[in-house]
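I have placed the structure first, in the form of structure tokens, so that the comments after it can refer back to it.
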């Protein structure tokens, strides 16, 4: 929902989305206080930071998650979302492939508008055609 608000172009909607992401960031930071090194919390925080355009925070949390060891489809999916927000489509494509390799549902990736630029990469051509 917040993504839709952020991308709507309406100032009030974008501000509402920014507030939602700021709240989510605060909750992720609190979660990390009690779950040090939790990869999912680190990736969530990286995503919220990136969405709020706090690039140093996003990169730091992404690096911490990688160091802790991303080992699940959902983790690689979040990593791909972070990389898209950071503008690194190549890294996002690698994370997307890793998410698929770890069993993350292709239909979820295909339907996520945030990953449209990634999904359009040539390496996913066969998967795109198989999904239709």
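Residue numbers (this note's numbering): -13 to 118.
For glycine and all other residues, C-beta sits at the position ideal for the given N, C-alpha and C.
No experiment lies behind these values; they were computed from the predicted model shown.
When secondary structure is reduced to three states using DSSP, residue 63 falls in the helix class. Note that the C-beta distance between residue 44 and residue 32 is below 7 Å. At the C-beta level, residue 56 and residue 49 stay beyond 7 Å of one another.
Taking a C-beta distance under 7 Å as the contact criterion, residue 36 and residue 71 qualify as a contact pair.
For residue 17, same chain residues with a beta-carbon under 6 Å away, outside a window of 5 residues either side, are 27 in chain order. The C-beta distance from residue 7 to residue 29 rounds to 14 Å, too long to fall under 8 Å, and the pair is not in contact.
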